[in-house]
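To keep things clear, I will list the structure first and then write my remarks on it.
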Amino acid sequence: MATQKLSMAVRSFSSSSTAAQLVKAPIQIFGIEGRYATALYSAASKQKSLEGVEKDLIKLQGELKSDPKFREFVINPTIKRSLKAQAFKAISQKISLKPETTNLLALLADNGRLKKLDTVINAFKQIMSAHRGEVPCEVTTARELDAEQKQKLMGVLKSFVKSNQSIQLSTKVDPSIIGGMVVSIADKYVDMSVASKIKKYTEVISATV
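Numbering (the numbering used here) for the sequence shown: 531 to 739.
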């Protein structure tokens, strides 16, 4: 059923004769936003417009965050779908959006899913990140890491990914972990914090009392 919906979405995005043939996304994202983002990736891949579509969506997401009136228009369920579709058609022409982006907006408007636009954009950005071989990694430490520590950490983290992949490192400071670090890389999670060890020791001691 999901595959059928995906194929229908791709045909809505693309008018080419090969539209029914899906281009497989590098990662699978579930939910409504995942279906739309995957269909958009497939359609944009066929037209070789992935980067252009990504720029369009980043621009739209920026407007959603910075313009309260625009965001209200997008998420307001009382505004007719036809009015939203007309408005986005005019916007697309005014700022010269890619045809695939325009078709996405039209499809979301027709299906009453424009309130999902922000999450669809995030899903598409995840797919594009995987397309470029980027692997998200978040490291939480009790204190801020200096440049040398970050460099050493990157050297270790690179050993966990393929040679054609790159680590996209983000760091967080959380004094509550006391020491050590918590590492989240792609779908893997490793808790090497002192707080975690203390908790485990406490559980063991409590169980033996």
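Note that the Cβ used here is the ideal one computed from N, Cα and C, for glycine as well.
Practice prompt. Measure the CB-CB distance between residue 711 and residue 697 and report whether it falls below 9 Å.
Written response: no
Worksheet item: Of the choices 655, 679, 602, whose alpha-carbon is the least far from that of residue 557?
Response: 655
Discussion item. Among the candidates 592, 657, 567, 719, whose CA atom is the shortest distance from the CA of residue 669?
Written reply: 719
Discussion item. Between 565, 630, 716, which has its C-alpha nearest residue 660's C-alpha?
Written reply: 716
Discussion item. Quick check on the DSSP output: the alpha helix (DSSP H) that includes residue 681 runs from which residue to which?
Written reply: 677-687
Item to complete: Return the first residue and the last residue of the alpha helix (DSSP H) that residue 613 is part of.
Response: 611-624
Worksheet item: How big is the Cα-Cα spacing for residue 591 and residue 672?
Response: 33 Å
Worksheet item: If you draw a straight line from the C-alpha of residue 674 to the C-alpha of residue 666, how long is it?
Response: 19 Å
Discussion item. Taking 6 Å as the limit between beta carbons, can you name the residues of its chain near residue 582, skipping five residues before and five after?
Written reply: 628
Worksheet item: If you draw a straight line from the C-alpha of residue 626 to the C-alpha of residue 632, how long is it?
Response: 9 Å
Worksheet entry | Every unbroken alpha helix (DSSP H) inside the region 626-653 [4 residues or more] | 629-640
Practice prompt. Using the Cα positions of residue 605 and residue 643, report the straight-line distance between them to the nearest angstrom.
Written response: 9 Å
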